[in-house]
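*Asks:* This is the structure I have questions about; it appears just below.
Numbering (my numbering), first residue to last: 16 to 420.
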């Protein structure tokens, strides 16, 4: 018995000694040092050695957009690092071009603080802050798009420029899609979705463009368009989008953590003709820009080209048709790529980039003199960029937002 007791004591002593040695080694290898961070030549603040820059900035109320929770996949938390070049991480090589990397661009979520660092950010980002919103109402616009109207603090709503976006954070949750209330007219579309389950064990944040009109913002209302992110057809076992699923499930009165406003996608100064092209929830920032420009009395031609698959995927069409009747300089065009044979449709068919080419660019006297605003799925943006290039439009006249797709 004495031998067993002695062995236990020896084992405990060894474990304690190893733990102490590991703690000492960690202190040597990962010192608890203060690291100075300077942003845009403002007074530096102190962070800790080993902290990622995204978290360090957030701890000092500098809230960069980051839709992927720091995984480096969204590419939104871009900063320019001054001074000595820093080797890029693999995620940065995937999301940043060679030219951007040569210019010192990094993803803040991938940059660990090892020494003093000076970074540059758009000044507009320094005004973003965290706040809570309350869900006032929600409705289905299409089978997979839900409109949320959130009540935001008046000072935040007053700082929003058309084209901006906010980040929303969903808490941990676990529910089945059978708990989501779906309008009867979309019940058939949801019949195969009822077996899905949304599970999230930690908070997650995603970015959503603001679709609010000036009248909405005057009331302190953020209008957001949420597209339900479903598993791709070739990988059906993947879970649905955790944040979008939760936003399809939340009910009136729910408090939602947010930050922003973010973004520099907005109407350019001047009187050049404006051509806006959208698809999916890319409608959001374009709607805000159109209402802003028409409400401010813009007199130049403004056209909005929207692409959808079928009639069930259309929304706000009555609103834009009314704007076209009210404002002679506004034109609204819709193209359906795959209309159902049994549904009446007398409008344009095919993809929106082809409709733009045939309905505007081909006969336009000077397409290179217009400003083009794009927001939608990546394939749509690529196709539109192709026809704009064919029409001789320089890249400096093209502006796009790929956050709200």
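Where is the CB? At the ideal position from N, CA and C, for every residue including glycine.
Let's see if you can read the secondary structure: which residues bound the alpha helix (DSSP H) around residue 167?
*Replies:* Neither: residue 167 is in no alpha helix (DSSP H) and is coded neither H nor E.
*Asks:* Pair every Cβ in the stretch 371-380 with every Cβ in the stretch 400-407, then say whether three or more of these pairs are closer than 8 Å.
*Replies:* yes
*Asks:* Just to check my reading of the structure: residue 243 and residue 159 have Cβ atoms closer than 8 Å, yes? What is that Cβ distance to the nearest angstrom?
*Replies:* At roughly 5 Å, the Cβ-Cβ gap stays under 8 Å, so residue 243 and residue 159 are in contact.
*Asks:* Can you round the beta-carbon distance between residue 218 and residue 187 to whole angstroms, since I take them to be within the 8 Å contact cut?
*Replies:* 7 Å
*Asks:* Straight-line CA distance for residue 416 to residue 196?
*Replies:* 31 Å
*Asks:* Taking all protein chains shown into account, do 16 or more other C-beta atoms lie within 10 angstroms of the C-beta of residue 206, making it buried, or fewer, making it exposed?
*Replies:* exposed
*Asks:* Should the stretch 380-388 be regarded as contacting the stretch 334-352, the criterion being three or more beta carbon pairs within less than 8 Å?
*Replies:* no
*Asks:* Which residues share a DSSP beta bridge with residue 350?
*Replies:* Bridge partners of residue 350: 322, 363.
*Asks:* What residue from 318, 355, 54, 261 has the CA that sits closest to residue 93's CA?
*Replies:* Closest by alpha carbon: 54.
*Asks:* Indicate the three-state DSSP secondary structure (helix, strand or coil) for residue 420 in the structure shown.
*Replies:* In this predicted model, residue 420 has a pLDDT of only 41, less than 50, meaning its place in the structure is not dependable; the value taken from the coordinates is given anyway. DSSP places residue 420 in coil when its eight states are reduced to three.
*Asks:* Can you check whether the CB of residue 241 is closer than 9 Å to the CB of residue 296?
*Replies:* yes
*Asks:* Rounded to whole angstroms, what is the Cα-Cα separation between residue 130 and residue 208?
*Replies:* 49 Å
*Asks:* Could you tell me whether the stretch 69-81 touches the stretch 273-289, where touching means 3 or more Cβ pairs closer than 8 Å?
*Replies:* yes
*Asks:* Could you check how far apart the C-beta atoms of residue 149 and residue 184 are, in whole angstroms? I think they sit under 8 Å.
*Replies:* Residue 149 to residue 184, Cβ: 14 Å. No contact.
*Asks:* Name the residue from 310, 123, 390, 223 whose alpha carbon lies nearest to the alpha carbon of residue 342.
*Replies:* Here the closest residue by C-alpha is 310.
*Asks:* So, residue 126 versus residue 101, is the Cβ gap smaller than 9 Å?
*Replies:* yes
*Asks:* Candidates 414, 288, 114: which alpha carbon is nearest residue 346's?
*Replies:* The residue with the shortest Cα to Cα distance from residue 346 is 288.
*Asks:* Would you decide whether residue 175 is buried or exposed? Buried here means 16 or more other CB atoms lie within 10 Å of its CB.
*Replies:* buried
*Asks:* Roughly how many angstroms lie between the CA atoms of residue 225 and residue 133, to the nearest whole one?
*Replies:* Cα-Cα distance, rounded: 31 Å.
*Asks:* Counting only runs of 3+ residues fully inside the stretch 128-203, write out the beta strand (DSSP E) ranges in chain order.
*Replies:* For the stretch 128-203, whole beta strand (DSSP E) runs of length 3 or above, ordered along the chain, are 132-135, 144-157, 160-166, 180-185, 188-191.
*Asks:* Are there three or more Cβ pairs, one per stretch, closer than 8 Å when the stretch 97-112 is compared with the stretch 64-78?
*Replies:* no
*Asks:* Nearest to residue 300 by CA position, among 313, 393, 318, 281, is which residue?
*Replies:* 281
*Asks:* If contacts are defined as beta-carbon pairs under 8 Å, then residue 306 and residue 229 qualify, I think. What distance do you get, rounded to the angstrom?
*Replies:* 6 Å
*Asks:* Are residue 50 and residue 128 touching if we call contact CB-CB under 9 Å?
*Replies:* yes
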